[in-house]
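Below is one structure, written out as structure tokens, with a few remarks after it.
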Amino acid sequence: DAMVIQNPRYQVTQFGKPVTLSCSQTLNHNVMYWYQQKSSQAPKLLFHYYDKDFNNEADTPDNFQSRRPNTSFCFLDIRSPGLGDAAMYLCATSRRTGTDEQYFGPGTRLTVT
Amino acid sequence: GQNIDQPTEMTATEGAIVQINCTYQTSGFNGLFWYQQHAGEAPTFLSYNVLDGLEEKGRFSSFLSRSKGYSYLLLKELQMKDSASYLCAVKVDSSASKIIFGSGTRLSIRP
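So the sequence lines, in the order shown, correspond to chains C and F.
Just so we're aligned, residue 1 is where the first sequence starts under my numbering, counting upward by one.
Just so we're aligned, residue 1001 is where the second sequence starts under my numbering, counting upward by one.
Structure (structure tokens):
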């Protein structure tokens, strides 16, 4: 089945210790997104790629970086995690044509100790 | 600014019908999505409206009025598994893929 995969599902990191979350897709979609979602809040878009074209949201902290080495993979790097970065991180993809609905991965729940 | 409003919580009875409203004030409009999100899981796509009117898909229907900046999601024959958050989201720019989510409506179904 075509899908969006996120690893790991749960990640624990220490305050200030860099962490990388990964996302892969078998849908061959042009667009990949990273969202941060805190409890009972809306998913907040951090950035997205249209192919290799990177689009950063104006209010995404510099602490968050992303890489997309090829169509299938996208990474979220948090350089110095703070306690406020504990959240669910959702990766999504879309085709950019037609309805352009987004397909989400299962998410990575990040805990910062 | 971009503003998408939904009720925070709703409760309904198994077998009944519930309507979840969404109003939006955004810089542009190129379609409105509804997503379902079960606790601790990722959102899943339910419906998309870009023209005024009602879109029906099984037990779920979604309505859009662009002139009023208003949409609703109608769920019929409610089942316990419909207990989830329902997120309204607007695509504001036709040239970009990004959408803006509302905070979601947490729907609880009672037997």
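For every residue, glycine included, the Cβ atom is placed at its ideal position computed from N, Cα and C.
- For the segment 1053–1099 of chain F, the continuous beta strand (DSSP E) assignments of 3+ residues that do not extend past its boundaries occur at 1053–1057, 1060–1065, 1070–1075, 1084–1091, in sequence order.
- For arginine 96(C), the closest Cβ of chain F is nearer than 8 Å.
- Serine 1108(F) places its beta carbon less than 8 Å from that of serine 1083(F).
- Annotated three-state conformation of aspartate 77(C) is strand, per DSSP.
- The way I'd put it, the segment 98–110 of chain C doesn't touch the segment 1061–1080 of chain F; fewer than three beta-carbon pairs between them come closer than 8 Å.
- For chain F, the residues of the segment 47–58 of chain C that bring a beta carbon within less than 9 Å of one of its beta carbons are His48, Tyr50, Asn55, Glu57, in chain order.
- Straight through space, the alpha carbons of aspartate 62(C) and asparagine 56(C) are spaced by roughly 10 Å.
- Distance between leucine 83(C) and glutamine 41(C), taken at the CA atoms: about 17 Å.
- With contacts defined as CB atoms closer than 8 Å, arginine 95(C) and histidine 48(C) fail to qualify as a contacting pair.
- For the set Tyr1086(F), Gly1102(F), Thr1026(F), Glu1055(F), the Cα lying nearest the Cα of aspartate 1093(F) is the one of Thr1026(F).
- Contact with chain C is absent for leucine 1054(F), since none of that chain's Cβ atoms lies less than 8 Å from the residue's Cβ.
- For valine 1050(F), there is no enclosing beta strand (DSSP E), since its DSSP letter is neither H nor E.
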